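So the structure is just underneath, and the comments pick up after that.
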Amino acid sequence: MRAPWIKNYFFDVNLIASSLIDTYTRLWNPTALCEIFVPGDVEMLLKNQPAVLKEDFYSWKLTRSGQFSVKTAYNLAFEEKTRLSQPEAFNQPSINPLKEKVWKVLTVPKIKVFLWKALNGGLSVAELMEARGIKVDSGCQVCGGSTESINHILFECPLARLVWAISGIPNPQNGFHQTSIFVNFSYLLSLGKKRKVVPNSFRVWPWILWSLWKSRNELLFRGFTPIPSNVMLCANQDADEWFEAQVVEEKILSETQVNIQKRKEKWKPPPKDWSMCNVGFDWNKSKNLAGGGWVIRKREVLCFAIVEERSVISNLGIRLSLW
Ligand SMILES: [Zn+2]
């Protein structure tokens with residue numbers, strides 16, 4: 001079941017069903033229908049005439065049949081509750097693309113999980129714990145003011161503001177959003193997109209968020225007062241180490257690829273009247289076996305070929321015998 005297709009771009013949006021019913025015959029007015037709907041749908045409408053002889057009745061718009069169902073009522077109530085508790089989620093069509101981007105951020109997997117949790121309200125801050133009925137001090141333990149929300153800890157707390165200020169990352173034009181973590185994450189995820197060369201200082205933002213969260217926990221559970229410069233230093237060190245490790249890994253990977261390419265080089269026969277000796281060794285660690293072989297060839301004739309395999313449990317030496 002669907003609404004009939006309207007054939008014109010412009011139509012009366014206040015049109016009601018009764019204006020399409022012939023008051024004399026109490027049936028659909030074909031002329032009025034043809035002016036608005038496509039011919040195929042007019043045909044269908046004419047086969048289903050309005051029930052003018054029946055008393056008016058209520059129809060539940062969330063089911064196709066118009067019958068009320070508890071399931072659709074529950075979904076409606078749940079959506080309304082979410083709309084009230086998380087209005088940011090409804091400010092834009094969907095925040096799913098934002099969540100997807102988190103998995104592509106250049107950082108360690110544990111920080112990606114942390115970022116995803118922050119976006120999904122999965123961090124145990126006072127505001128969310130209170131909402132779940134747990135009695136806690138709702139204020140921020142770092143600054144002593146306001147309500148401790150995820151956005152407050154990561155962007156709005158004076159500690160966070162100081163850390164962002166010394167980070168070298170430009171703040172949004174009007175500062176970080178005071179309540180919407182989605183807006184703030186959207187800004188961080190778009191950092192450097194419009195620039196041809198992205199400054200190295202931009203890449204540290206996931207570690208800054210992680211360090212801010214760790215500092216809050218250090219204060220809460222171990223009583224260590226966070227110092228902005230230390231929080232930033234820690235974030236920078238961790239980020240630099242990780243990016244350096246990626247460079248080393250890339251080097252190893254490219255060297256391995258070069259070696260593989262070298263191995264794939266085809267054997268070429270020696271020049272005329274020359275003899276060539278190729279030697280090769282290999283070992284199997286799990287079976288404690290090693291083997292070696294060599295082959296002497298002239299341009300077209302195979303002279304010798306020796307292959308021997310030996311256990312290397314007690315003796316590493318491999319003896320090659322002539323055949
Ligand atoms: Zn605070």
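The sequence shown begins at 1 in our numbering and counts up by one.
Just so you know, even glycine gets a beta-carbon here, dropped at the ideal spot from N, CA and C.
Keep in mind that this is a model prediction, so the values were computed, not measured.
Within a Cβ cutoff of 7 angstroms, which residues of the same chain sit near residue i, ignoring the five residues on either side of it in sequence?
i: residue 76; result: 62
i: residue 248; result: none
i: residue 185; result: 98, 119
i: residue 152; result: 140, 146
i: residue 206; result: 105, 107, 111, 115
Please go through the same chain and pick out, in chain order, the residues whose beta-carbon is closer than 8 angstroms to the beta-carbon of residue i, but skip the five residues on each side of it.
i: residue 232; result: 163, 166, 167, 208, 211
i: residue 124; result: none
i: residue 28; result: 20, 21, 22, 45, 46, 49, 50
i: residue 267; result: 278
i: residue 154; result: 118, 160, 181, 184, 209, 212, 213
Counting along the chain, where does the alpha helix (DSSP H) carrying residue i start and finish?
i: residue 182; result: 181-189
i: residue 75; result: 70-85
i: residue 166; result: 158-166
i: residue 36; result: 30-36
i: residue 211; result: 205-222
i: residue 114; result: 109-119
i: residue 131; result: 126-131
i: residue 102; result: 96-102
Strictly under 9 angstroms for the Cβ-Cβ distance: is residue i near chain C by that measure?
i: residue 159; result: Although the question refers to chain C, the structure presented lacks it and comprises just one protein chain.
Using 8 angstroms for Cβ pairs, my map puts residue i next to residue j. What's the rounded Cβ distance?
i: residue 136; j: residue 157; result: Not quite, the Cβ-Cβ distance comes to about 17 angstroms (not below 8 angstroms), so this is no contact.
i: residue 105; j: residue 115; result: 7 angstroms
i: residue 38; j: residue 81; result: With a Cβ gap of about 40 angstroms, residue 38 and residue 81 do not count as contacting.
i: residue 127; j: residue 148; result: 6 angstroms
i: residue 215; j: residue 199; result: Incorrect: roughly 24 angstroms between the Cβ atoms, too far for contact.
Who are the near neighbours of residue i in its chain, counting only those whose CB is closer than 6 angstroms to its CB and skipping five residues on each side?
i: residue 269; result: 299
i: residue 191; result: 202
i: residue 54; result: none
In the DSSP assignment, the beta strand (DSSP E) including residue i goes from what residue to what residue?
i: residue 40; result: Segment 39-47 is the alpha helix (DSSP H) holding residue 40; no beta strand (DSSP E) there.
Going by the C-beta, is residue i closer than 8 angstroms to any heavy atom of ligand 3?
i: residue 228; result: Absence of ligand 3 from the depicted structure is noted, with ligand 1 being the only ligands included.
*Per the contact definition of three or more C-beta pairs closer than 8 angstroms, is the stretch 26-37 in contact with the stretch 68-86?*
no
*asked:* Quick test of the definition: if touching needs 3 or more C-beta pairs under 8 angstroms, does the stretch 177-185 touch the stretch 236-250?
replied: In short, these stretches do not touch, since the Cβ pair count stays below three.
*Hey, which unbroken runs of the beta strand (DSSP E) at 3 residues or more fall wholly within the stretch 265-299?*
Counting whole runs of 3 or more residues, the stretch 265-299 contains the beta strand (DSSP E) stretches 276-284, 289-297.
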